Amino acid sequence: MVKTLLVGHVMTRICKFISMIALFFAFFVAHADASQKSFLDEIKGADATFDNRSVPVTKQVTEESVLAKEPYQGGSFRVLARKKMIGRYKCSSCHTEKPTTVNRGLELTHGDVYLTHGRGEQALSCIDCHRDEERDYLEDKKGRKIDFDHSYQLCGQCHFRQKRDWLGGAHGKRAENWAGDRVIFNCTTCHNPHSPRFEKRFPATYSVPLD
Amino acid sequence: MSEKKNHPKNDNPLDFLSGESNRRSFIKGLSFAAAAGSAALTAGCIPSADAATTEEMKLRWQEFFKEHYRLMTQEEKDGTVARLERLAKLQKGLDVQMSSQSPLEGVLYGYAFNITRCEGFMECVTACVEENNLDRKTNTQYIRIFEMEPGQLDPGTGDGQYYHEVPVDNKFYMGTQCFHCEKAPCIKACPTKATWREPDGIVVVDYDWCIGCRYCQAACPYYGRRFNWGQAEIPKDEITTRQHYLGNRLRPKGKMEKCTFCIQRTRKGRLPACVEACPTGARVFGNLLDPDSEIRYVLKHKKVFRMKEELGTDPKFWYFID
């Protein structure tokens, strides 16, 4: 009688022990799962659209912009205008049939334009981008007429990788705000189309060693 | 044991000074009593004996006994902001617009840095210094730009003190700043809970609760934090007066400070000063929870990496290449 009781007691002890181990493992596994879930998963899972216009933006973009002719992630966006920045636009005010004198020649032949776009055999000339017949417009290789404000349509025919990144937001930059309407820099806001590479210069400041 | 619990207050003879049974208000009452009674004590705290009765002194007392920022009600936040604005006017003659704006709903800030595009012009650094009222005397900077040898990705191997014409051929440039880690070691290290992660992901410092122990600086694996050994010296006309309590307000001496993603700008929809100043577009900033944002495009379509990812700090700052 005593012996059977004792055996029963030991058995319950063993059962308890086993169940505790099982519980412990269950907890451990669950915990390991939780700790491996990164906040990156949370970001990837965040697919609800966020209304950028719902953010109260305090500083509006003051530069003039135009509605872009291409979509951005399904929506529309704006690019900074270019025509206002061109000192001698409209081009057709000079490019007429009217005769001119020789002493104005240097000014009128764009002697200040230094063209270093393209390298070696591929160096560009004026009419590679400018429309010969209508000087107020640009022209791509297919002969399409392109507005100065939408020069990305022209640049993108060679620099298609940059254009793809620019449309998505990995190349170029937004003006002023991360929220509100998407207004981004045009190609020509940063790059001089005649010599697009940034010039070498001294940095704006320098750093001192940390502590 | 139970007897002691029943009469904890009666043990202290000075208890009558505080109306509520609150430790902070008790100390406050005690200090006021001591200040009123002893001229020697006040002489150590204030510039002149006259000042004890001035508005400035009153405001400074109230500032000294305010709550931790996270425990403040909106009313108390408005109160401290108003006091700090008034103090700036009284002490420095500055018209400051300070804000205690809370985080935006559904926003988690993220940052990406294009190491192919950065050419080391360091205009981000000067913009940051101006925006965040950093000390001009010691040349404090939140951002560092390293000139890197090809094949290296650890800024420790780069040159952080270059000053020559950039970009140098066959080198690339890599910027560092506070990475606003999701699991930030600096937060764990702080003994006074003066630094924490805001709901929009920005790691901030309550400068008035920081005791300047610099544990967080030691804990940060990215050298993201800076200590000010003195009050910032800035020409008066260069001080940014649009400020945030947790951001670019003028820090007292002996406090820890760091990049706040320009909290005073970003919570109002603007870009951080460094992003706005970048001449090459190497810096991308946006809302990680918005699937249509630029930062999400970069994370989805570009080759990205984070610095010292193996530490598990989960920085919200990615490097990417074209």
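Protein chains in written order, with my numbering: chain L, 1 to 211; chain D, 1 to 322. Don't be surprised by glycine CBs; every beta carbon is placed ideally from N, CA and C. Everything numeric in this text was worked out from a predicted model, so none of it was measured.
CB of residue i within 8 Å of CB of residue j, strictly
i	j	result
residue 321 of chain D	residue 116 of chain D	yes
residue 100 of chain D	residue 245 of chain D	yes
residue 136 of chain L	residue 92 of chain L	yes
residue 158 of chain D	residue 152 of chain D	yes
residue 313 of chain D	residue 194 of chain D	no
residue 55 of chain L	residue 104 of chain D	yes
residue 213 of chain D	residue 191 of chain D	yes
residue 80 of chain L	residue 63 of chain L	yes
residue 170 of chain L	residue 284 of chain D	yes
residue 118 of chain D	residue 280 of chain D	yes
residue 327 of chain D	residue 114 of chain D	The requested residue 327 of chain D does not occur in the structure, where chain D is confined to residues 1 to 322.
residue 177 of chain L	residue 247 of chain D	no
residue 225 of chain D	residue 216 of chain D	yes
residue 197 of chain D	residue 205 of chain D	no
residue 173 of chain L	residue 185 of chain L	yes
residue 155 of chain L	residue 187 of chain L	yes
residue 203 of chain L	residue 111 of chain D	no
residue 75 of chain L	residue 301 of chain D	no
residue 78 of chain L	residue 151 of chain L	no
residue 174 of chain D	residue 155 of chain D	yes
residue 180 of chain D	residue 66 of chain D	no
Sheet register partners of residue i (DSSP bridge)
i	result
residue 288 of chain D	In DSSP, residue 288 of chain D forms no bridge with anything.
residue 65 of chain L	L:80
residue 75 of chain L	L:72
residue 139 of chain L	L:145
residue 111 of chain D	D:285 and D:317
residue 39 of chain L	Note: residue 39 of chain L sits in no beta bridge, so no partner.
residue 74 of chain D	For residue 74 of chain D, which the question treats as bridged, DSSP gives no partner whatsoever.
residue 305 of chain D	D:319
residue 148 of chain D	D:172
residue 129 of chain D	Per DSSP, none; premise fails for residue 129 of chain D.
residue 197 of chain D	D:203
residue 130 of chain L	L:138
residue 166 of chain D	L:201
Reduced DSSP secondary structure (H/G/I, E/B, other) of residue i
i	result
residue 61 of chain D	helix
residue 99 of chain D	strand
residue 248 of chain D	coil
residue 143 of chain D	coil
residue 261 of chain D	coil
residue 85 of chain L	helix
residue 159 of chain D	strand
residue 34 of chain L	The predicted model places residue 34 of chain L with a pLDDT of 49, which falls under 50 and marks its position as unreliable; any figure quoted below should be read in that light. In this structure, residue 34 of chain L counts as helix in the three-state DSSP scheme.
residue 46 of chain D	The predicted position of residue 46 of chain D is uncertain, since its pLDDT is 47 and thus under 50; no value can be drawn from it.
residue 175 of chain D	strand
residue 271 of chain D	coil
residue 117 of chain D	coil
residue 8 of chain D	Because the pLDDT at residue 8 of chain D is just 45, under 50, the model does not fix this residue reliably, and the value given afterwards should be weighed accordingly. Note: residue 8 of chain D maps to coil in three-state DSSP.
residue 256 of chain D	strand
residue 9 of chain L	helix
residue 208 of chain L	coil
residue 201 of chain L	strand
residue 81 of chain D	helix
residue 113 of chain L	coil
residue 310 of chain D	helix
residue 46 of chain L	coil
residue 122 of chain L	helix
residue 100 of chain L	coil
residue 92 of chain L	helix
- For the segment 215 to 245 of chain D, enumerate the residues whose C-beta is nearer than 7 Å to any C-beta of chain L, in chain order. 223
- Members of the segment 84 to 105 of chain D that neighbour chain L once the beta carbon cut-off is set at 8 Å: 104
- Task: Starting from the N-terminal side, write out each stretch of the beta strand (DSSP E) that is 3 residues or longer and does not extend beyond the segment 142 to 197 of chain L.
- Result: Within the segment 142 to 197 of chain L, no complete beta strand (DSSP E) run reaches 3 residues.
- Item | Residues from the segment 187 to 211 of chain L in contact with chain D, defined by Cβ distance under 9 Å | 190, 198, 200, 201, 202, 203, 204, 205, 206, 207, 208, 209, 210 and 211
- Between the segment 132 to 162 of chain D and chain L, which residues of the former have CB atoms less than 7 Å from a CB of the latter, in chain order? 139, 141, 144, 160 and 161
- Which residues, in order along the segment 56 to 81 of chain L, keep a beta-carbon less than 9 Å from a beta-carbon of chain D? Under the 9 Å Cβ criterion, the segment 56 to 81 of chain L contributes 56, 57, 58, 59, 72, 73, 74 and 75.
- Message: For the segment 104 to 133 of chain D, list every residue whose C-beta sits within 9 Å of some C-beta in chain L, in sequence order.
- Response: 104, 105, 106, 107, 108, 109, 110, 112, 114, 117, 119, 120, 121, 122, 123, 124, 125, 126, 127 and 129
- Give the residues from the segment 281 to 294 of chain D that approach chain L closer than 8 Å (Cβ to any Cβ), ordered along the chain. 281, 283, 284, 285, 286, 287, 288, 289, 290, 291, 292, 293 and 294
- Along the segment 248 to 275 of chain D, what residues have a CB closer than 8 Å to any CB found in chain L? 266, 268, 269, 270, 271 and 275
- If contact means a Cβ-Cβ distance below 8 Å, which residues of the segment 173 to 186 of chain L contact chain D? Considering only beta carbons, the part of the segment 173 to 186 of chain L lying closer than 8 Å to chain D consists of 173, 174, 176, 177, 178, 179, 180 and 185, in chain order.
- Query: Taking Cβ-Cβ distances below 9 Å as the criterion, which residues of the segment 293 to 307 of chain D are in contact with chain L?
  - Reply: 293, 294, 295, 296, 297, 298, 299, 300, 301 and 302
- Entirely enclosed alpha helix (DSSP H) segments - the segment 204 to 246 of chain D, minimum 4 residues: Complete alpha helix (DSSP H) runs here, min 4: 215 to 219.
- Task: Check distances from the C-beta atoms of the segment 179 to 199 of chain D to those of chain L and list, in chain order, the residues that come in under 9 Å.
- Result: 182 and 183
- Task: Please name the residues in the segment 111 to 141 of chain L whose beta-carbon is closer than 7 Å to at least one beta-carbon of chain D, in chain order.
- Result: For the segment 111 to 141 of chain L, which is checked against every Cβ of chain D, not one residue is closer than 7 Å.
- Task: Check each residue of the segment 163 to 177 of chain D: if its Cβ is closer than 9 Å to any Cβ of chain L, include it; give the result in chain order.
- Result: 163, 164, 165, 166, 167 and 168
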